[in-house]
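Everything on this sheet refers to the single structure shown next.
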Amino acid sequence: IQQFHTKKDSEDNKRSLWIGLFDAKSILPIPTKGNVRDYMKKGKDGSNKVSSGNHAQIYDTLLNRIEDFHFLNGGITITSDSIFSRDNNRKKITLLNPQIINGAQTKGVLETFLKEYKDAQVLVKVELILSAAISKQEFFDDISIARNQQTAVKPISIAGKKKLLNELDKVTDVSLKINESQKDRFDTEKLIQLIFAVMPEDILAKAFP
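Positions 82 to 290 (our numbering) are the ones given, in order, by the sequence shown.
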């Protein structure tokens, strides 16, 4: 950690916001399970593609303006139950149950870049949101959806994050797509269209009066 600032919420909410600059290598092991969507451009071999669009721009910044990366990139948002331990002398913290809820694309490009340039030093702007409240997961989900609206999120990803497709996924023989990045799963939107197409009119009228 290069810099760290914090703002605490009320004791009832048990929430706090920490903002700082982190070594990118320390961010890569943190999962993106809390993000609305995963990395969007995967090659056939499962590798992260950085050849076009926003991903190419992020990679170009790393390649040509690495010292300015934390100024030019929006950064990464991480949620965690708490800071498990803190070493002020080494400027190091250990998080309990961390997850990246915004910044999966940035993380994916960083993985590709640091795999090729192993000795590169990259600073990433991080917003760390801590909450020990029982209802924290719903709060974290709302943040993930809101933070991902800068690049339009498809309705399928929002429905999946809100667990609206879980029951439908359980009763099908194949795995359904619950966010737009799951290209290898069955197209959930087409299945819903088919369900509506064959639904008896009396059931449709009851469901949607």
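Ideal placement from N, C-alpha and C gives every residue a C-beta, glycine not left out.
Sub-8 Å separation of residue i and residue j beta-carbons
i    : j    : result
G115 : I181 : yes
V150 : L143 : One point to set straight first is that residue 150 is Phe, not Val, in the sequence displayed. Yes, they are a contact pair.
I284 : V205 : no
V255 : V117 : no
E208 : I100 : yes
I237 : T269 : yes
T187 : I139 : yes
N178 : D168 : no
First through last residue of the beta strand (DSSP E) which encompasses residue i
i    : result
F103 : R96 to D104
S212 : L204 to S212
Counted within 10 angstroms of its Cβ, other Cβ atoms place residue i as buried (16 or more) or exposed
i    : result
Y120 : buried
Q202 : exposed
Y198 : exposed
T253 : exposed
F103 : buried
A286 : exposed
G189 : buried
I276 : exposed
Cβ separation of residue i and residue j, assumed to be a contact under 8 Å, to the nearest whole Å
i    : j    : result
I210 : L98  : 6 Å
N260 : T193 : 21 Å between Cβ atoms; not a contact.
L176 : A105 : Contact doesn't hold; Cβ gap of about 16 Å is too wide.
I174 : I164 : 5 Å
Beta-ladder partner(s) of residue i, from DSSP
i    : result
F267 : L257
R167 : I174
N229 : Note: N229 sits in no beta bridge, so no partner.
S161 : L211
N154 : In the DSSP output, where bridge partners are listed per residue, N154 has none listed.
Q274 : None, per the DSSP bridge assignment.
Boundaries of the alpha helix (DSSP H) in which residue i is found, first to last residue
i    : result
T113 : Taken as a continuous stretch (DSSP letters only), T113 belongs to no alpha helix (DSSP H), as it is neither H nor E.
N145 : G134 to N145
S262 : Looking at the DSSP string, S262 is not in any alpha helix (DSSP H), and its letter there is neither H nor E.
Residue i CB to nearest heavy atom of the ligand NAP below 7 Å
i    : result
K130 : By its list of ligands, the structure shown contains no ligand whatsoever, and the ligand NAP lies outside what it can speak to.
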